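192 is the number of the first residue of the sequence shown in my numbering; add one for each residue after it.
Quick reminder that beta carbons are idealized off the backbone N, C-alpha and C, glycines included.
Just so we're clear, the structure is a prediction, and the values are computed from it rather than from any experiment.
Structure first, commentary second.
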Amino acid sequence: MSTRMTLGERLQSQGVSRRAFLKFCAATTSLMALPPTMVSAVAAALDRAKRPSVIWLSFQECTGCTESLTRSDGPTLERLIFDAISLDYHHTLQAASGEAAEAARASAMADNWGQYVVLVDGAIPLGNPGFSTIAGISNVDMLMETVTGAAAVVAIGSCAAFGGIPKASPNPTGAVSVGHLVQDKPIINVSGCPPIPVVITGVLAHLLTFGTIPDLDPHGRPMAFFGETIHDRCYRRPFYEKGLFAESFDDEGAKKGWCLYRLGCKGPVTYNACAVTKWNGGVSYPIQSGHGCIGCSEPNFWDKGGFYEALARGRFATPAALATAALAGAAVGAGATLLARHRQKKATAQEKQS
Ligand code: SF4
Ligand code: F3S
């Protein structure tokens, strides 16, 4: 019954003040990367929004995506669960187990047919259905059965979005992404290993507020969060432009916070919001902690060469060009970025054709 109440009614019945509600709307607007002028429109939409039923399925994963969500600092998880969405099934978080848990999934589907949202973390093994089962049901069967009546599917994390680490060579379980199997439902890929918690909640907030699928990039990721590279918004970018690169993790350049490009940073080809939203309540992100971006939100990041190998090495340049790059500094760095972008666009186009 609670899923039939609007969010406004729900909050009112719980004694939440208008002021607190508007504060929540302002936070949600910011999560969706919308301008502050949209707060009143978001408030009006959320006031009327029905709490959607959400079914969360976890397959071949490490639980890092759920861990990420439970550290969400936007709408807190508690608020997300009890006020904004109705999380009717989640292996890790639900109290029910066994037959009672499966009954909860069946009833959430029946009661909200055509309207519920399925969140999936983890890849799906096709090599042998027995590699990963829940309540005796293979991952592939559970996924295909659950999405049948879904309004939309959100693939949380790089494993669900692209296959991730389970799919890394030699892919012993025959792991595939959600999008590989589900062809007839809108899918939003929220990649990352794990994904940024406020990006997960931001996408849910968009679905809740507008009831539509957000604008997506060629990899099915929401543009609001994946429209720019880490490099585009990296605070070390001025050093990159000046050709000031750390050569080791303990040299003077590293101590001065210079660019980590030559230490393997994949920021120039990685689309994600880390440099803007940061992690742990906006405290930091990998590059701010002194380590290059490993490109965890990109397809097949695990198989794209060494994490500590400069982007130009083996990808964009011959050994002779590398020697030139070492001398040319920023100019070559900029060139590598353009080449990387060109390569990314080409790869995306090829992926779409295949
Ligand atoms: Fe930042 Fe990495 Fe770009 Fe350097 S290469 S500016 S560390 S994202
Ligand atoms: Fe992943 Fe790079 Fe962000 S490694 S966490 S996309 S900075």
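beta-carbon residue i near the ligand F3S non-hydrogen atom, thresh 8 Å
i    : result
I485 : yes
K495 : no
I356 : no
P459 : no
P361 : no
S288 : no
S259 : no
N463 : yes
G473 : no
G411 : no
I387 : yes
W247 : no
W304 : no
S488 : yes
Rounded Cβ spacing between residue i and residue j (contact assumed at less than 8 Å)
i    : j    : result
F250 : N362 : Not really, about 15 Å apart at Cβ, beyond 8 Å.
A275 : L398 : With 8 Å as the limit, A275 and L398 do not qualify as a contact, their Cβ atoms being about 10 Å apart.
I379 : G411 : 7 Å
A314 : V367 : 6 Å
V345 : L317 : Not a contact, Cβ separation roughly 21 Å.
G455 : E500 : 5 Å
Q306 : P243 : 7 Å
L284 : T324 : Not confirmed; about 20 Å, so no contact.
I404 : A341 : Their Cβ separation, rounded to whole angstroms, is 12 Å, which puts I404 and A341 out of contact at 8 Å.
R239 : G199 : 7 Å
Residue j beta carbon less than 9 Å from that of residue i
i    : j    : result
R296 : D312 : no
I421 : K447 : no
A352 : P477 : no
T468 : S488 : no
L248 : C216 : no
G289 : A326 : yes
F417 : D408 : yes
C465 : C450 : no
G255 : G370 : no
C384 : C350 : yes
K335 : I246 : The sequence as given places Met at residue 335; Lys does not occur at that position. Cβ distance not < 9 Å, so M335 and I246 don't count as in contact.
A415 : L225 : yes
V373 : V338 : yes
E252 : P357 : yes
G481 : F436 : no
N471 : R262 : yes
T364 : N319 : yes
A396 : M229 : no
A359 : D494 : yes
A287 : A294 : yes
L213 : A234 : yes
P227 : T219 : no
Residue i: CB within 8 Å of a non-hydrogen atom of the ligand SF4
i    : result
F492 : no
H422 : yes
Y307 : no
A466 : yes
Y431 : yes
Y499 : no
C216 : no
P476 : Strictly speaking, residue 476 in this sequence is Tyr, with Pro absent from that position. No.
R504 : no
C253 : no
C384 : no
L451 : yes
C425 : yes
R262 : no
R428 : yes
C350 : no
C256 : no
The ligand HEM heavy atom lying under 8 Å from the CB of residue i
i    : result
F440 : Among the ligands in the structure shown, the ligand HEM does not appear; only the ligand SF4 and the ligand F3S can be found there.
Minimum Cβ-Cβ distance from residue i to chain B less than 9 Å
i    : result
G481 : The chain inventory of the structure shown lacks chain B, comprising one protein chain alone.
Could you say if the stretch 279-292 and the stretch 429-438 meet the contact criterion of at least three C-beta pairs nearer than 8 Å?
no
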